[in-house]
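Residue 1440 in the numbering used here sits at position 16 of the sequence shown; the count goes up by one each step and never skips. Here's the structure we're looking at; comments come further down.
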Amino acid sequence: MKNYSSSVDREHLRFIKHNSSPEQRMNWWLDALEFVKESRKNRKKIKNQK
């Protein structure tokens, strides 16, 4: 599991934009979306536990 900090560093984003192929960029976005889905699931779980 990659670690996505809440504030993804801008330099890194810039790096991704300029130094990656479209495929890599797509993969990065898919990864990010996956992560968002996961964190939403986890948030729901936490709410339900209270």
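Each residue gets a CB set at the ideal place from its N, CA and C atoms; glycine is no exception.
Cα-Cα separation between residue i and residue j, rounded to whole angstroms
i       : j       : result
Asn1451 : Asn1466 : 22 Å
Leu1437 : Ser1463 : 20 Å
Asn1472 : Val1460 : 18 Å
Lys1469 : Asn1443 : 37 Å
Glu1447 : Glu1458 : 16 Å
Asp1433 : Ser1445 : 19 Å
8 Å Cβ cutoff, residue i in contact with chain C
i       : result
Arg1434 : Absent here is chain C; the protein component of the structure consists of one chain.
Where residue i sits in the DSSP three-state scheme
i       : result
Asp1455 : helix
Asp1433 : coil
Ser1445 : coil
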